[in-house]
Amino acid sequence: DSSLKNTKSYLIDGKFFSEIISPSSIKSRVHQIGEDISREFKSEKPVIIGVLNGAFIFMSDLIRNIDIEFEVDFIKISSYKNDLKSSGTINLEKNINIDVTNKHVIIVEDIVDTGLSLKYLYGEISKLSPSSIRFATLLYKNNKNNVHRNKIHLDWIGFNVEDYFVIGYGLDYKQHYRGLNGIYAAKERWGNWKRI
34 DSSLKNTKSY
44 LIDGKFFSEI
54 ISPSSIKSRV
64 HQIGEDISRE
74 FKSEKPVIIG
84 VLNGAFIFMS
94 DLIRNIDIEF
104 EVDFIKISSY
114 KNDLKSSGTI
124 NLEKNINIDV
134 TNKHVIIVED
144 IVDTGLSLKY
154 LYGEISKLSP
164 SSIRFATLLY
174 KNNKNNVHRN
184 KIHLDWIGFN
194 VEDYFVIGYG
204 LDYKQHYRGL
214 NGIYAAKERW
224 GNWKRI
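Right, here's the structure in full:
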């Protein structure tokens with residue numbers, strides 16, 4: 034199988050990161066989400082808010098696949114502290130600058146894991162009185178311990194992924210590997226991977 038022969042893997046801090054979502058699959062799915070947003074808001078001018086730092090590549094590609102007028106801003110929060118697990122605390126590092134009062138807002142995330150960030154972002158943006166708040170995420174992690182994410186509706190999901198630590202396409206490990214074109218998952222040792 035040529036696709037398996039071309040699979041790239043990296044050994045980082047004793048963990049093997051192997052590609053689970055290919056660049057071509059990402060490109061196709063981002064295009065689909067962009068088309069859907071364009072249809073949904075064809076008579077509107079939504080504000081698209083990227084969550085820094087992880088979502089910047091996904092958002093950059095997404096807005097180039099949207100065929101309507103829109104505004105762009107960014108919000109920066111932190112919950113990961115240079116390790117493989119969330120700190121459990123959300124810190125607001127940069128708020129948005131655009132006035133979103135009575136506007137439709139689309140928040141673009143890189144990954145939804147525990148749902149804690151999702152809940153926090155919804156709460157912060159809701160205070161600004163938008164007409165609506167929608168969420169688009171590149172990845173949705175199947176995390177059995179999630180207690181927050183089911184309370185917030187996700188409107189666009191790129192891919193469902195298993196509960197592995199993932200890097201690439203904007204997602205990092207200790208601020209590195211964001212520039213990988215695919216999505217890579219970490220395991221302690223080699224295993225069988227279902228590639229998308």
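Per our numbering, the very first residue in the sequence shown carries number 34; after that it's consecutive. Quick reminder that beta carbons are idealized off the backbone N, C-alpha and C, glycines included.
- Comparing alpha carbon positions, the residue from K152, Y153, L172 and S159 closest to V145 is L172.
- Nearest in C-alpha terms to D205, of all of I99, N124, L149 and A88, is A88.
- By the CB criterion at 9 Å, I108 and G148 fall outside the cutoff.
- When secondary structure is reduced to three states using DSSP, F168 falls in the strand class.
- The alpha-carbon separation between I99 and E126 amounts to approximately 28 Å.
- Here the C-alpha atom of L151 lies approximately 7 Å from the C-alpha atom of I185.
- Classified as exposed, R72 has fewer than 16 neighbouring CB atoms from the shown chains inside 10 Å of its CB.
- By the beta-carbon neighbour count (other beta carbons within 10 angstroms, threshold 16), G191 is buried.
- Exclusion of the five residues before and after N214 leaves P56 as the residues of its chain whose Cβ lies within less than 6 Å of its Cβ.
- For the pair K207 and P163, the CB atoms are not nearer than the 9 Å cut-off.
- Following the DSSP letters along the chain, one finds V138 inside the beta strand (DSSP E) bounded by residues H137 to V145.
- The C-beta distance from A219 to F91 rounds to 20 Å, too long to meet the 8 Å contact threshold.
- Contact check for D143 and I129: beta-carbon distance about 17 Å, past the 8 Å limit, so the pair fails to qualify.
- Relative to the Cα of I96, the nearest Cα in the group S111, K78 and S112 belongs to K78.
- Of the candidates I110, N176 and K160, the residue whose Cα lies closest to the Cα of Y197 is N176.
- In this structure, the beta-carbon distance from Y217 to G203 does not fall below 9 Å.
- With respect to I70, I139 sits close: the two C-beta atoms are nearer than 9 Å.
- The Cβ atoms of V141 and K174 do not sit closer than 9 Å to each other.
- Scanning the segment 75-137 for uninterrupted beta strand (DSSP E) segments of 3 residues or longer gives 80-85, 104-113 and 119-127, listed from N- to C-terminal end.
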